[in-house]
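Written out below as structure tokens is the structure these notes cover.
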Amino acid sequence: NAGVMQNPRHLVRRRGQEARLRCSPMKGHSHVYWYRQLPEEGLKFMVYLQKENIIDESGMPKERFSAEFPKEGPSILRIQQVVRGDSAAYFCASSPPTAGDAGELFFGEGSRLTVL
Amino acid sequence: AQSVAQPEDQVNVAEGNPLTVKCTYSVSGNPYLFWYVQYPNRGLQFLLKYITGDNLVKGSYGFEAEFNKSQTSFHLKKPSALVSDSALYFCAVRGASGTYKYIFGTGTRLKVLA
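First to last, the protein sequences are chains H and F. First residue of the first sequence? That's 5 in the working numbering, and the numbers climb one at a time after it. First residue of the second sequence? That's 7 in the working numbering, and the numbers climb one at a time after it.
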């Protein structure tokens with residue numbers, strides 16, 4: 005059973021370009037979370053999605069950042085017009101659809117974005 | 007609002023000695039509590055969780071954690087540290103009802119010295 009798959013693992017962009025990070029959850033999981041980890045800092049919650057729905061995006065910057073989890077295909081975290089401060093590791097995690105069950109999150113290996 | 011505090015940025019311990027990594031939390035209602043470990047350039051790996059029941063929970067690699075409701079703490083422990091335990095440890099909390107948001111602490115770097 006494949007784990008959470010994130011790609012690309014490493015991404016380099018110049019200021020002003022767009023970054024797209026993809027996440028395929030574990031088989032059978034329909035809940036996806038995105039977190040950002042800055043150097044020497046903890047994980048910051050960004051967004052929580054279920055299939056075709058954004059449930060909680062309270063951690064997403066209001067501008068330039070968006071996320072989706074379509075009915076088919078991976079979840080996408082999109083960062084438009086990247087700036088140097090966007091350089092970070094972005095982690096995706098998934099969990100099964102059992103409502104109310106406090107299962108643990110399963111994390112991918114992360115996508116490391118470097119903005120030049 | 008939910009929050010997690012890990013008061014120590016780094017913990018140093020000699021190999022073979024017991025280790026403790028501290029975590030306190032704040033959440034409305036009952037908490038679901040988790041510990042994860044992160045090795046360099048890797049994702050987070052689940053260690054253990056507290057949902058309900060016994061206050062002492064056992065997890066992977068010989069780790070355990072004790073839930074203390076009165077002190078709102080969930081400290082991670084291991085009786086005998088290994089050099090290979092050196093890593094970054096994260097505590098996380100989720101409220102039992104009304105939210106599916108998992109909030110993580112800032113992490114504690116554990117260094118086990120040979």
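Heads up, the beta-carbon is just placed ideally off N, CA and C, and yes, glycines get one too.
Which residues DSSP lists as bridging residue i, in chain order
{"i": "Ser-9/F", "result": "Ser-32/F"}
{"i": "His-14/H", "result": "Arg-116/H"}
{"i": "Ile-83/H", "result": "Ala-23/H and Phe-69/H"}
{"i": "Ser-79/F", "result": "Thr-30/F and Asn-74/F"}
{"i": "Ile-37/H", "result": "It is Tyr, not Ile, that sits at residue 37/H in the sequence shown. Paired residue(s): Tyr-52/H and Ala-97/H."}
{"i": "Asp-60/H", "result": "Tyr-52/H"}
{"i": "Tyr-95/F", "result": "Val-43/F and Thr-114/F"}
{"i": "Tyr-108/F", "result": "Bridge partners of Tyr-108/F: none, in fact."}
{"i": "Gly-101/F", "result": "Pro-37/F"}
{"i": "Asn-18/F", "result": "Lys-117/F"}
{"i": "Lys-84/F", "result": "Leu-25/F"}
Nearest-angstrom Cα separation, counted from residue j out to residue i
{"i": "Asn-57/H", "j": "Arg-24/H", "result": "19 Å"}
{"i": "Pro-65/H", "j": "Gly-35/F", "result": "28 Å"}
{"i": "Gln-21/H", "j": "Tyr-94/H", "result": "17 Å"}
{"i": "Ser-90/F", "j": "Asp-60/H", "result": "37 Å"}
{"i": "Glu-44/H", "j": "Gly-22/F", "result": "27 Å"}
{"i": "Gly-111/F", "j": "Leu-88/F", "result": "23 Å"}
{"i": "Gln-54/H", "j": "Ile-83/H", "result": "20 Å"}
{"i": "Lys-28/F", "j": "Asn-74/F", "result": "12 Å"}
{"i": "Pro-80/H", "j": "Cys-96/H", "result": "It should be noted that the sequence gives Ile, not Pro, for residue 80/H. Distance between the alpha carbons of Ile-80/H and Cys-96/H is about 10 Å."}
Local conformation of residue i per DSSP, three classes
{"i": "Tyr-67/F", "result": "helix"}
{"i": "Ser-90/F", "result": "helix"}
{"i": "Arg-88/H", "result": "helix"}
{"i": "Met-30/H", "result": "coil"}
{"i": "Pro-37/F", "result": "strand"}
{"i": "Leu-54/F", "result": "strand"}
{"i": "Leu-47/H", "result": "strand"}
{"i": "Leu-62/F", "result": "strand"}
Outcome for residue i when other beta-carbon atoms lying within 10 angstroms are tallied against a minimum of 16
{"i": "Ala-120/F", "result": "exposed"}
{"i": "Asp-90/H", "result": "buried"}
{"i": "Gly-77/H", "result": "exposed"}
{"i": "Arg-40/H", "result": "buried"}
{"i": "Ala-6/H", "result": "exposed"}
{"i": "Ser-66/F", "result": "exposed"}
{"i": "His-165/H", "result": "Since the first residue shown for chain H is 5 and the last is 120, residue 165/H is missing from the structure and cannot be characterised."}
{"i": "Thr-114/F", "result": "buried"}
Q.
Any C-beta of chain F within less than 9 Å: which residues of the segment 56–85 of chain H qualify?
A. Ile-59, Asp-60, Ser-62 and Gly-63
Q.
Output needed in chain order: residues of the segment 29–54 of chain F with a Cβ under 7 Å from some Cβ in chain H.
A. Tyr-38, Phe-40, Arg-48, Gly-49, Leu-50 and Phe-52
Q | Contact residues within the segment 96–117 of chain F, judged by C-beta distance below 9 Å to chain H | A | Phe-96, Ala-98, Arg-100, Ala-102, Ser-103, Thr-105, Tyr-106, Lys-107, Tyr-108, Ile-109, Phe-110, Gly-111, Thr-112 and Gly-113
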